[in-house]
Amino acid sequence: MYWSNISVDQADLIVGVGMRFDDRVTGKVDTFAPHARIVHMDIDPSQIGRNVPVEIPIVGDEKGAP
Numbered sequence: 265m266y267w268s269n270i271s272v273d274q275a276d277l278i279v280g281v282g283m284r285f286d287d288r289v290t291g292k293v294d295t296f297a298p299h300a301r302i303v304h305m306d307i308d309p310s311q312i313g314r315n316v317p318v319e320i321p322i323v324g325d326e327k328g329a330p
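Just so you know, the sequence shown maps onto residues 265 to 330 in the working numbering.
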């Protein structure tokens, strides 16, 4: 198992900005980050929570952030 997989498996919080959480990122979606709260920010609201359950959805453009 790779260190990145171990980190995700043990994470308490994951913040995804402008990403899709697709199977290339998550592997098996049903076992991805089982203990983590997930914050997902994307400009396209249809992408938020599409592949993994999201605790805090944020619709917006990250380019506008200070």
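Glycine included, every Cβ here is placed at the ideal spot set by N, Cα and C. The model shown is predicted, which means the values in this text are computed figures rather than measured ones.
Checklist entry - Where does I270 fall in DSSP's three states? => result helix
Checklist entry - For V289, which of helix, strand or coil comes out of DSSP? => result helix
Checklist entry - Where do the N-terminal and C-terminal ends of the beta strand (DSSP E) with D306 fall, by residue? => result 301-306
Checklist entry - When burial is assigned at 16 or more other CB atoms within 10 Å of the CB, is M283 buried or exposed? => result exposed
Item to check | Cα-Cα separation, P321 to A300 | outcome: 14 Å
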